[in-house]
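Participant: Next up is a structure, given as structure tokens.
Number of protein chains: 2
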Amino acid sequence: MATVQARVLKGFRDYLPTADIPRQQVLRTITEVFESFGFAPLTTPALEYAEVLLGKYGDEGDKLLYRFEDNGGRDIALRYDLTVPLARVVAQHRDLEVPFRRYQVAPVWRAEKPGKGRFREFLQCDVDVVGEPSIRADAECLTVGLQVMRALGVPGVVARVNNRKILDGLLDGLGVDGTERRHSVLRIVDKLPKIGREGVSRELGEAVGLDAAAQERLFAFLELDASQGLEGVEAVVGSTEQGRLGVEELSELLSLMGDAGLGEQVEVDLSIARGLDYYTGTIYETFVLGHESYGSVMSGGRYDTLLGMFLKNSTPAVGISVGVDRLLSLLTEIGLVEGRSGAADVFAVLFDATGYGALQRAAQKLREVGVKVEVSLKPTKLGKQLRYAERKGYRWVLIAGSEELERDELGLKDLTTGEQRTATLDEIPSLVR
Amino acid sequence: MATVQARVLKGFRDYLPTADIPRQQVLRTITEVFESFGFAPLTTPALEYAEVLLGKYGDEGDKLLYRFEDNGGRDIALRYDLTVPLARVVAQHRDLEVPFRRYQVAPVWRAEKPGKGRFREFLQCDVDVVGEPSIRADAECLTVGLQVMRALGVPGVVARVNNRKILDGLLDGLGVDGTERRHSVLRIVDKLPKIGREGVSRELGEAVGLDAAAQERLFAFLELDASQGLEGVEAVVGSTEQGRLGVEELSELLSLMGDAGLGEQVEVDLSIARGLDYYTGTIYETFVLGHESYGSVMSGGRYDTLLGMFLKNSTPAVGISVGVDRLLSLLTEIGLVEGRSGAADVFAVLFDATGYGALQRAAQKLREVGVKVEVSLKPTKLGKQLRYAERKGYRWVLIAGSEELERDELGLKDLTTGEQRTATLDEIPSLVR
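Sequences listed follow chains W and S, in order.
Counting with my numbering, you get residues 1 to 433 for the letters of the first sequence.
Counting with my numbering, you get residues 434 to 866 for the letters of the second sequence.
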């Protein structure tokens, strides 16, 4: 057969062990926190009927779907996020216990123009609560998210919260009507940190035809300081039913987050709009102080009408998504993840091929008490094996031939100091921890 | 927007929490064992250039690819297994430390005719050792696999091993030549447990034109009892170079597995051929006694030439794949997994909305010492909340209003016995374990 070029598609990535070891650790921490709140795993297929996904992400989103015809002529597509598949599942299984708390950690695909930090395949880590209208569910999702950040050791995390109903009240006041037009305004406002006030202003004029006076009122509102209370917000939007409701919900969210002891990590930011069309209430974004350039590392919101696309009677829902890619870059930058390609705790040197069985048996005893051991497969010179262990980032090396194993006098070398000591098999677990 | 029918594609599955909770537990156990041997995670994209995958799985495999043109006109396909992407990665990254031990747990896609136990999307859990020609690598993969079975508590596991070189020696002796013809014979022999001797005989006559005398010799060989040694095998294939090598390798594998203390779980079965074209040496299949109808729950082998499809100089490799779907069905049948939709250890009743914050704070203290707590979001009647907890499969319910929380006199109810006792927050972790 002809030799084929080994290459990966643009916008797609391999995670080699050095990158994937910390990544899997981070994912394990995230799912452990999710489960500690009683969120249960849900797994859905990568492929869905295209009609299930179409029309949920705006026209722009529809264009980004990996959509094709399968061998049976079905119009199918790779999932674009984990929220719409969740909505599909809930609609299909009306007997699920509500409130239904689920998490899902899985890749999604978007045919974006690849760029720095923008990929065509990336992982989403979502928690959602379906079937609970109270703001307690909004608070719980944000609490889970903030606990994830704490468990990962990310310092300086601030969640910025807003409520779509407040923005709705504002748009009412500005006379912006029509669903598509309103969504356009929100999507443009969402770009504020990226394109600045001038950029937003230009786009608002061009795409929505918002005049200067209305823009002035819009910007004044977006920049309101709500740190001392929501009175100023209420003054602007409280005359509309939606605006009043939004202020009430946001206020309750703040109070619940305070009760949970997380008040200091939550701030109101009226300029947060979120790009997706389906949000209806609370919206969240999360930044890391001093690392704002990474963008939001955890976002989400309430989407009480999305399930109505599949059901006659809609079901309220709220969720939050942890941005693992961004978090990993950030954790790497601040030195909280170490890159090593050795996945075990200890590397065990092999002196000669005939000793392999005995070494593997000793290693298995260590594994059974929780010490991970990579047994060398190559009985090469000691120095060569030590260099292999060093290149893979190992700290501990077990050095024992068949005789030492039999006498239970093993050599344990610390590659960081170069020191070597003698230990019994039983002593090793506590020494390498 | 119009209501869309909520449905899943044929051959694809949702794993709802009741099924996904035990599944994730099993996957965690599997990856823990993989890592305990120093196998490191590798993650590759779901999509590959079609040419990377084509020609590796036989004509039949090529037809089963989910292959399509992306928006940029590229000919792409969803991965069919995890082995070819691994080969691609190794070819692309020549600086990986060898022996390179990696694991990958990820879905693969095949446009098979869906049927009982046959899906178009299913999970593969693979470990492979790349760059090590010695049979120690073959032994290590099988050892990891058998330790996975032990960790999962699967009883009566027997690995059946064979070696492609022995089969090659046999085919030489029978005068079957030509790569495609030889692969056909192996694929037909592989169906023996499914279609029986008559079926195999018919197909061998029709597809390969193997005459009655040759078939007689073939079947006599496949049924050889090798439990007392490989002398009988050597007598048949030892005159060919490949046959002699195969016997040597198989014999070494048996001896290494004996050294590892796993000899009793390993049997020679000369009729094991494995369907995939790329195997070149050791091949394994694994059955659970009394549950043979599930087929092999763990399979693999050595494929020393596959990487040559991407590289000028090939690299030896061997691996094993755990069949999670089959294992999960089997574990469910023998009662080793329980189906529950509650993911936490304790369900905490909410008496009134204003007490939510205090309850969530108490729950967080439990989470921090490893007790998972689902806090009720609905302050409905106690009986209703208890029934919700019961339906979700919870055993422990925390019953405490704000006053009880303040006095640290919490009610802990055991739903299996109906008994309720008073406990402090500190006492709960040991009580629910």
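We treat Cβ as the ideally placed atom computed from N, Cα and C, and that holds for glycine.
Compile a chain-ordered list of the residues in the stretch 569-602 of chain S whose CB is closer than 9 Å to at least one CB of chain W.
Facilitator: For the stretch 569-602 of chain S, which is checked against every Cβ of chain W, the residues closer than 9 Å are Arg-569, Ala-570, Ala-572, Glu-573, Thr-576 and Gln-580.
Participant: Suppose only complete runs of 4+ residues qualify. What are the alpha helix (DSSP H) ranges in the stretch 535-594 of chain S, listed by chain order?
Facilitator: 568-585, all fully within the stretch 535-594 of chain S.
Participant: Span of the beta strand (DSSP E) holding Glu-69/W?
Facilitator: As a working mapping, residue 69/W is identified with position 69 in the first sequence. Where Glu-69/W is concerned, the enclosing beta strand (DSSP E) stretches over 67-69.
Participant: Which same chain residues, not among the five before or five after Ile-509/S, have their C-beta less than 8 Å away from its C-beta?
Facilitator: Sequence index remark: in the second sequence, residue 509/S carries index 76 (1-based). Around Ile-509/S: Leu-480, Glu-481, Tyr-482, Ala-483, Arg-500, Phe-501, Glu-502 and Asp-503.
Participant: For the beta strand (DSSP E) holding Ser-299/W, just list the boundary residues, first then last.
Facilitator: Residue numbering aside, residue 299/W sits at position 299 when the first sequence is read from its first letter. 298-302 is the span of the beta strand (DSSP E), which, as asked, contains Ser-299/W.
Participant: If the cut-off is 8 Å on Cβ atoms, which residues from the stretch 405-432 of chain W count as contacting chain S, listed in chain order?
Facilitator: Flagged: no residues at all.
Participant: So the candidates are Val-373/W, Tyr-279/W and Thr-286/W; which of them puts its Cα closest to the Cα of Arg-150/W?
Facilitator: Locating residue 150/W in the first sequence gives position 150, counting from the first residue. When only C-alpha atoms are compared, the closest one is Thr-286/W.
Participant: At the 9 Å Cβ level, is Asn-71/W part of the contact set with chain S, yes or no?
Facilitator: The residue labelled residue 71/W in the question sits at position 71 within the first sequence. For Asn-71/W, the answer is yes, since a Cβ of chain S falls inside 9 Å of its Cβ.
Participant: Would you list the residues sitting across from Arg-421/W in a DSSP beta bridge?
Facilitator: Locating residue 421/W in the first sequence gives position 421, where the first residue counts as 1. Arg-421/W is bridged to Leu-412/W.
Participant: Let me see if you follow: with CB-CB separation under 9 Å, is Tyr-49/W close to chain S or not?
Facilitator: If you number the first sequence from 1, residue 49/W lands on position 49. Yes, Tyr-49/W counts as interfacial toward chain S.
Participant: Around the Cβ of Lys-384/W, are there at least 16 other Cβ atoms within 10 angstroms (buried) or fewer (exposed)?
Facilitator: Here residue 384/W corresponds to residue number 384 of the first sequence, with the count starting at 1. So Lys-384/W ends up on the exposed side.
Participant: When you compare the CB of Ala-212/W with every CB in chain S, is at least one pair closer than 9 Å?
Facilitator: Sequence index remark: in the first sequence, residue 212/W carries index 212 (1-based). No, Ala-212/W lies away from the interface with chain S (no Cβ there is under 9 Å from its Cβ).
Participant: Using only the alpha-carbon positions, how far apart do Val-369/W and Ser-835/S sit?
Facilitator: Position 369 of the first sequence, counted from the first residue, corresponds to residue 369/W. Position 402 of the second sequence, counted from the first residue, corresponds to residue 835/S. Each residue's Cα considered, the two are about 42 Å apart.
Participant: Alpha helix (DSSP H) containing Ala-348/W: first to last residue?
Facilitator: Within the first sequence, numbered from 1, the residue matching residue 348/W stands at position 348. Careful: Ala-348/W lies outside any alpha helix (DSSP H), inside the beta strand (DSSP E) at 346-348.
Participant: Quick one: is Val-8/W near chain S, going by C-beta distance under 9 Å?
Facilitator: Counted from its first residue, the first sequence places residue 8/W at position 8. Closer than 9 Å to some Cβ of chain S, the Cβ of Val-8/W qualifies, so yes.
Participant: Name the chain W residues whose beta carbon is nearer than 8 Å to that of Ile-509/S?
Facilitator: Position 76 of the second sequence holds residue 509/S. What Ile-509/S touches in chain W: Leu-9.
Participant: Rounding to the nearest angstrom, what Cα-Cα distance links Asn-596/S and Pro-749/S in this structure?
Facilitator: As a first step, residue 596/S is located in the second sequence; it is residue number 163 there, counting from the start. As a first step, residue 749/S is located in the second sequence; it is residue number 316 there, counting from the start. Each residue's alpha carbon lies about 15 Å from the other.
Participant: Tell me, please, whether the stretch 206-221 of chain W touches the stretch 167-182 of chain W by the rule of three or more beta-carbon pairs shorter than 8 Å.
Facilitator: The stretch 206-221 of chain W vs the stretch 167-182 of chain W: in contact.
Participant: At least one CB of chain S closer than 9 Å to the CB of Val-349/W: is that the case?
Facilitator: For the purposes of this step, residue 349/W is identified with residue 349 of the first sequence, where counting begins at 1. No, Val-349/W does not count as interfacial toward chain S.
Participant: How many Å lie between Lys-443/S and Leu-498/S at the Cα?
Facilitator: Along the second sequence, one-based indexing puts residue 443/S at 10. Along the second sequence, one-based indexing puts residue 498/S at 65. Approximately 16 Å between the Cα atoms of the pair.
Participant: So with CB distances below 7 Å, who are the chain S contacts of Phe-12/W?
Facilitator: Taking the first residue of the first sequence as position 1, residue 12/W is located at position 12. Result: Pro-478 and Leu-480.
Participant: Of the choices Arg-340/W, Gly-357/W and Arg-94/W, whose alpha-carbon is the least far from that of Asn-313/W?
Facilitator: As a working mapping, residue 313/W is identified with position 313 in the first sequence. Closest option to Asn-313/W, Cα to Cα, is Arg-94/W.
Participant: Nearest-angstrom Cα distance between Gln-364/W and Gln-124/W?
Facilitator: The residue you call residue 364/W lines up with position 364 of the first sequence. The residue you call residue 124/W lines up with position 124 of the first sequence. Cα to Cα, the separation comes out at about 36 Å.
Participant: Just how far apart, CA to CA, sit Leu-838/S and Glu-292/W?
Facilitator: The residue given as residue 838/S occupies position 405 in the second sequence. The residue given as residue 292/W occupies position 292 in the first sequence. Answer to the nearest angstrom: the Cα atoms are 39 Å apart.
Participant: Closest to Ala-40/W by CA distance: which of Thr-436/S, Val-563/S, Gln-537/S and Tyr-448/S is it?
Facilitator: Here the question's residue 40/W lines up with position 40 in the first sequence. Out of Thr-436/S, Val-563/S, Gln-537/S and Tyr-448/S, Tyr-448/S has the C-alpha closest to the C-alpha of Ala-40/W.
Participant: Would you kindly work out how many angstroms separate the C-alpha atoms of Arg-635/S and Asp-601/S, rounded to a whole number?
Facilitator: Residue numbering aside, residue 635/S sits at position 202 when the second sequence is read from its first letter. Residue numbering aside, residue 601/S sits at position 168 when the second sequence is read from its first letter. Spanning the two alpha carbons is a distance of roughly 21 Å.
Participant: Which residues of the stretch 680-702 of chain S have a Cβ closer than 7 Å to any Cβ of chain W? Give them in chain order.
Facilitator: The residues in question are Leu-689, Asp-692, Ala-693 and Gly-694.
Participant: Can you tell me whether Asp-177/W is helix, strand or coil according to DSSP?
Facilitator: On the first sequence, residue 177/W is found 177 positions in, with the first residue counted as 1. Three-state DSSP puts Asp-177/W in coil, outside helix and strand.
Participant: Less than 7 Å between C-beta atoms, sequence neighbours within five positions excluded: which residues of the same chain meet that for Arg-340/W?
Facilitator: One-based indexing of the first sequence puts residue 340/W at position 340. Result list for Arg-340/W: Thr-18, Ile-21, Lys-392 and Gly-393, in chain order.
Participant: Please report the Cβ distance between Tyr-536/S and Asp-559/S, rounded to the nearest whole angstrom; I am assuming they are in contact, meaning their Cβ atoms lie under 8 Å.
Facilitator: On the second sequence, residue 536/S is found 103 positions in, with the first residue counted as 1. On the second sequence, residue 559/S is found 126 positions in, with the first residue counted as 1. With a Cβ gap of about 6 Å, Tyr-536/S and Asp-559/S count as contacting.
Participant: Under 9 Å, Cβ to Cβ, is there at least one residue of chain W near Lys-805/S?
Facilitator: Indexing the second sequence from 1 puts residue 805/S at position 372. Yes, Lys-805/S lies at the interface with chain W (some Cβ there is under 9 Å from its Cβ).
Participant: Which two residues bound the contiguous alpha helix (DSSP H) that contains Gly-665/S?
Facilitator: Along the second sequence, one-based indexing puts residue 665/S at 232. Looking at the DSSP string, the run of the alpha helix (DSSP H) that includes Gly-665/S is 664-670.
Participant: Could you tell me whether any Cβ in chain W is nearer than 9 Å to the Cβ of Tyr-821/S?
Facilitator: For the purposes of this step, residue 821/S is taken as the residue at position 388 of the second sequence. Yes, contact with chain W.
Participant: Assign Ser-299/W to buried or exposed, taking buried as 16 or more other Cβ atoms, counted over all protein chains shown, within 10 Å of its Cβ.
Facilitator: The residue given as residue 299/W occupies position 299 in the first sequence. The residue in question, Ser-299/W, is buried, as its Cβ has 16 or more Cβ neighbours within 10 Å.
Participant: May I ask you to list, following chain order, the residues of the stretch 317-332 of chain W that have a beta carbon less than 9 Å from some beta carbon of chain S?
Facilitator: The residues in question: there are none.
Participant: Chain S beta carbons: is any one of them nearer than 9 Å to that of Gly-281/W?
Facilitator: Here residue 281/W refers to the residue found at position 281 of the first sequence. It does not; no Cβ of chain S falls within 9 Å.
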